[in-house]
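Number of protein chains: 2
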Amino acid sequence: MSKIEVALGIDIGGTNTVFGLVDREGNKKLTDSITTNSSEPAEKLFNRIYEQLNAHNLDEFEIKGVGIGAPNANYFRGSVENPPNLEWDDTNVVEVSRQYLEVPTVCTNDANAAALGELKFGAAKEMKNFIEITLGTGLGSGIIVNGDVLYGATGFAGELGHVTAVSGGRDCGCGRRGCLETYASATGIVRTVSELLGDSREKSVLREIPFKELSAKRIADEARNGDKIALEAFDYTGLVLGEALANAVAAFSCEAIVLFGGLALAGDLLFEPTQRYMDEHMLEIFKNTCQLLPSKLPSGDAAILGASALIWNEIDLGKV
Amino acid sequence: MSKIEVALGIDIGGTNTVFGLVDREGNKKLTDSITTNSSEPAEKLFNRIYEQLNAHNLDEFEIKGVGIGAPNANYFRGSVENPPNLEWDDTNVVEVSRQYLEVPTVCTNDANAAALGELKFGAAKEMKNFIEITLGTGLGSGIIVNGDVLYGATGFAGELGHVTAVSGGRDCGCGRRGCLETYASATGIVRTVSELLGDSREKSVLREIPFKELSAKRIADEARNGDKIALEAFDYTGLVLGEALANAVAAFSCEAIVLFGGLALAGDLLFEPTQRYMDEHMLEIFKNTCQLLPSKLPSGDAAILGASALIWNEIDLGKV
Chain A
-9 MSKIEVALGI DIGGTNTVFG LVDREGNKKL TDSITTNSSE PAEKLFNRIY
41 EQLNAHNLDE FEIKGVGIGA PNANYFRGSV ENPPNLEWDD TNVVEVSRQY
91 LEVPTVCTND ANAAALGELK FGAAKEMKNF IEITLGTGLG SGIIVNGDVL
141 YGATGFAGEL GHVTAVSGGR DCGCGRRGCL ETYASATGIV RTVSELLGDS
191 REKSVLREIP FKELSAKRIA DEARNGDKIA LEAFDYTGLV LGEALANAVA
241 AFSCEAIVLF GGLALAGDLL FEPTQRYMDE HMLEIFKNTC QLLPSKLPSG
291 DAAILGASAL IWNEIDLGKV
Chain B
-9 MSKIEVALGI DIGGTNTVFG LVDREGNKKL TDSITTNSSE PAEKLFNRIY
41 EQLNAHNLDE FEIKGVGIGA PNANYFRGSV ENPPNLEWDD TNVVEVSRQY
91 LEVPTVCTND ANAAALGELK FGAAKEMKNF IEITLGTGLG SGIIVNGDVL
141 YGATGFAGEL GHVTAVSGGR DCGCGRRGCL ETYASATGIV RTVSELLGDS
191 REKSVLREIP FKELSAKRIA DEARNGDKIA LEAFDYTGLV LGEALANAVA
241 AFSCEAIVLF GGLALAGDLL FEPTQRYMDE HMLEIFKNTC QLLPSKLPSG
291 DAAILGASAL IWNEIDLGKV
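Which chain is which? The protein sequence lines are A and B, in order.
Here the working numbering is used: the first residue of the first sequence is -9, the next is one more, and so on.
Here the working numbering is used: the first residue of the second sequence is -9, the next is one more, and so on.
Spelled out as structure tokens, the structure:
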């Protein structure tokens, strides 16, 4: 009997590393996870990944390739460079992985992997030009141009989280000011609430919560309860994000922008103002040419689907 | 004897239409021009172009294709749509041209043609990822990704002149506010001077010139004479442009940005502040990855070289 063709997707996080076998249609055939143990070198991590993978019965599978998603991964070099949550030197993860499984192997960062997951299995199937925006602690983006990730000259293209949204605006972790992610992200909306609480005299239950305990989820919950500060925070987030997305459309003329991640789960609270301000700021020729869509990747499996989609796309484009 | 392979480049302007034969190396073998006569339909214009072309002795040439540059040209549809300076309905110029010369024919807008000219014959030879910025009355841009123009979903990608540079800023011809071209263009710097004259009490010979007679060239001349208002206007132009270009690098990770057109002829007056503010606003990982370069297209021939490069690139990429 012929074997089932699958891709091995590996997503390396600061705490956990998840991996799984995914077929061409995006069906998960096997998933598993291990703790990353961020202080141990990459070689040991991959040793444990493959040990645990091989403990499963893999007889019915033919692994066509390996896709690795990781923070700061560089597709061109196959390496993970100064990863924020791992005590690694620059490490060529593609070479390390191929010591265990000698098949076509590529790596990319999390946001690009999410974009590829969306392209192959999610909200952007059949699309050639779209932008995936991941709204987590920060704002990541993966930009698909002509059916493939835009890597640019360095491999690091698509840093929309660090375009200047407000000149001279909020202090950003990158050392600059006013970056989009200081407004449009889970932490950005917390900062917005904090500013609004100072600026306005409006009553709000959010006045009872210390800054450090505020979360995007809590703000969304209170917005649904009608809290005016929470609602205004979503409106302002939509304003900054919508304007930035209209700018992205002027540059890329993408057919869709897909919002993914924690803050995107707020649904209409985020989508309604974002769409409204995006339309308002859109250049006439691009009006009604770009949809704003929620991700269709199941949040628990997005990392594995994205990492698998990475190598499936390479195979489909004949690049490996 | 074998014939010389050339491309026919046609650049349709509101006043004049220039055309010429250009070989693969960018050598002009023939150039000519006619008045556009903006009130006459496209069919008549092309009739006159080919009549005048055929009046030359073309025996030694083999025309491999035709590239047409025009305002509002759409590469995908082969058409010119609502051109600002021509009394045309939407016109399929590719079809019209092919009635006279049945060879591979494509059209694109002026900024994309300039980018292709730079790619094939100018400052961006051998590059795969760069952005051409044309600084004329407005600001146009042609974005090269993986060696070809980025067209996006609509054919109109690359409208960097209409990204919002200053939220709620200057009134733009597009009906919106704060667009980059209202600051960084020949007309933008005139507006900047006008604002500075109101804002400051600094002496300046520019106070003697009516707004309508101010020009980027005059401002550059006075800046070279040490006029402080003129110098400050270039500094401010560099600030707005430099910040916008740093944002473009975060999105595209291009290896160069090439400045072309009237305002770019101001040389160091523009390049020094633009480079300084671009560096200042650049995300760390992109520092020193993107050069700011002056165009190497001779200004008189840029239109013909760009239009020719358009079809040469199609041929080289095997697209026609």
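Cβ coordinates follow ideal geometry from the N, Cα and C atoms, glycine included.
The model shown is predicted, which means the values in this text are computed figures rather than measured ones.
Taking the beta carbon of residue i as the centre, do at least 16 other beta carbons fall within 10 Å, making it buried, or is it exposed?
i	result
residue 259(A)	buried
residue 303(B)	buried
residue 25(A)	exposed
residue 73(A)	buried
residue 256(B)	buried
residue 263(A)	buried
residue 276(A)	buried
residue 310(A)	exposed
residue 202(B)	exposed
residue 50(A)	exposed
residue 215(A)	exposed
residue 165(A)	exposed
residue 139(B)	buried
residue 122(A)	buried
residue 222(A)	buried
Alpha carbons only, please: which of the options is nearest the one belonging to residue i?
i	options	result
residue 179(B)	188(B), 200(B), 209(B)	209(B)
residue 159(B)	169(B), 153(B), 165(B), 152(B)	169(B)
residue 143(B)	303(A), 247(A), 161(A), -5(A)	247(A)
residue 343(B)	37(B), 121(B), 230(B)	An answer regarding residue 343(B) cannot be provided, because it is not within the stretch -9 to 310 covered by chain B.
residue 0(B)	29(B), 43(B), 17(B), 30(B)	43(B)
residue 294(B)	104(B), 174(B), 278(B)	104(B)
residue 173(A)	230(A), -4(A), 33(A)	230(A)
residue 242(A)	96(B), 127(B), 131(B)	131(B)
residue 199(B)	191(B), 212(B), 190(B), 167(B)	212(B)
residue 35(B)	216(B), 6(B), 281(B), 233(B)	6(B)
residue 66(A)	163(A), 121(A), 205(A), 82(A)	82(A)
residue -3(B)	20(B), 255(B), 109(B)	20(B)
residue 9(B)	288(B), 124(B), 23(B), 52(B)	23(B)
residue 77(A)	205(A), 68(A), 45(A), 32(A)	32(A)
residue 187(A)	17(A), 171(A), 93(A), 204(A)	204(A)
residue 154(B)	84(A), 122(A), 236(A), 166(A)	236(A)
residue 268(B)	253(B), 292(B), 225(B), 113(B)	225(B)
residue 4(B)	117(B), 15(B), 59(B), 11(B)	59(B)
residue 18(A)	91(A), 100(A), 107(A)	107(A)
residue 232(A)	94(A), 280(A), 167(A)	280(A)
residue 299(A)	41(A), 39(A), 55(A)	55(A)
residue 146(B)	273(A), 12(A), -6(A), -5(A)	273(A)
residue 28(A)	219(A), 57(A), 284(A), 79(A)	79(A)
residue 116(A)	305(A), 250(A), 245(A)	245(A)
Helix, strand or coil: how does DSSP classify residue i here?
i	result
residue 52(B)	strand
residue 5(B)	coil
residue 199(B)	coil
residue 211(B)	helix
residue 306(B)	helix
residue 205(A)	coil
residue 90(A)	coil
residue 194(B)	coil
residue 102(B)	helix
Taking 7 Å as the cut-off, is the beta-carbon of residue i closer than that to any non-hydrogen atom of the ligand NAD?
i	result
residue 282(B)	You won't find the ligand NAD in this model; it holds no ligand whatsoever.
What are the boundary residues of the beta strand (DSSP E) that includes residue i?
i	result
residue 131(B)	129 to 135
residue 284(B)	281 to 284
Could you spell out the range, first to last residue, of the alpha helix (DSSP H) harbouring residue i?
i	result
residue 222(A)	218 to 242
residue 176(B)	176 to 189
residue 261(A)	258 to 271
residue 35(B)	32 to 44
Tell me residue i's beta-bridge partners as DSSP assigns them.
i	result
residue 18(B)	12(B)
residue 126(B)	In the DSSP output, where bridge partners are listed per residue, residue 126(B) has none listed.
residue 250(B)	124(B)
residue 169(B)	154(B)
residue 57(B)	-1(B), 96(B)
residue 63(A)	70(A)
residue 314(B)	No information on residue 314(B) is available, as it lies outside the stretch -9 to 310 that chain B covers here.
residue 24(B)	7(B)
residue 81(B)	70(B)
residue -6(B)	51(B)
residue 161(A)	167(A)
Residues of chain D with CB under 7 Å from residue i, in chain order?
i	result
residue 9(A)	Although the question refers to chain D, the structure presented lacks it and instead comprises the protein chains A and B.
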